[in-house]
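Reading through the structure tokens given below for one structure.
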């Protein structure tokens, strides 16, 4: 009876582990992840940029995608639009990085679509 109980407990622990969400750290070192932005400039062109420094993690369970969670932390002073004077202006006048050095995104919902795409909604704090 002890062997049967031990085998049953072991089986349940393995199945329970498979049903849990996987935890991932976002790989920012090898360019597998990036935070880009694009804003309209003077009504007829676009200005692109990105943030060089950020970190994050996410939990994802293939069996329960709606339970996915994402957390991203951004070093706002790492903004880069490939134009030093504009970046300085963004840091000082627009983003006020001395007072607000970090931004954060924390997901609140995740919906997997039938076509393979997904919609994630969350709170962005600057």
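Residue numbers (my numbering): -19 to 106. Built from N, CA and C at the ideal position, the CB exists for glycine as well.
Notebook entry, point to check: Which partner residues of residue 52 appear in the DSSP bridge assignment?
Noted result: 36 and 85
Notebook entry, point to check: Does the pairing of the region 66 to 77 with the region 92 to 101 give three or more beta-carbon distances under 8 Å?
Noted result: no
Checklist line | is_contact[residue 86, chain C] using C-beta, thresh 7 Å | finding: Checking the listed chains, one finds no chain C in this structure; it contains a single protein chain.
Notebook entry, point to check: Pick from 34, 45 and 65: whose alpha carbon is nearest that of residue 96?
Noted result: 45
Item checked: Among 90, 83, 58 and 43, the one whose alpha carbon lies nearest that of residue 1 -> 43
Next item on the list: Please report how far the alpha carbon of residue 14 lies from the alpha carbon of residue 94, in whole angstroms.
Entry: 26 Å
Next item on the list: Starting from residue 2, trace the beta strand (DSSP E) both ways and give me its first and last residue.
Entry: 2 to 5
Next item on the list: Classify residue 111 as buried or exposed, calling it buried when 16 or more other Cβ atoms lie within 10 Å of its own Cβ.
Entry: Only positions -19 to 106 of the chain appear in this structure, which leaves residue 111 out of reach.
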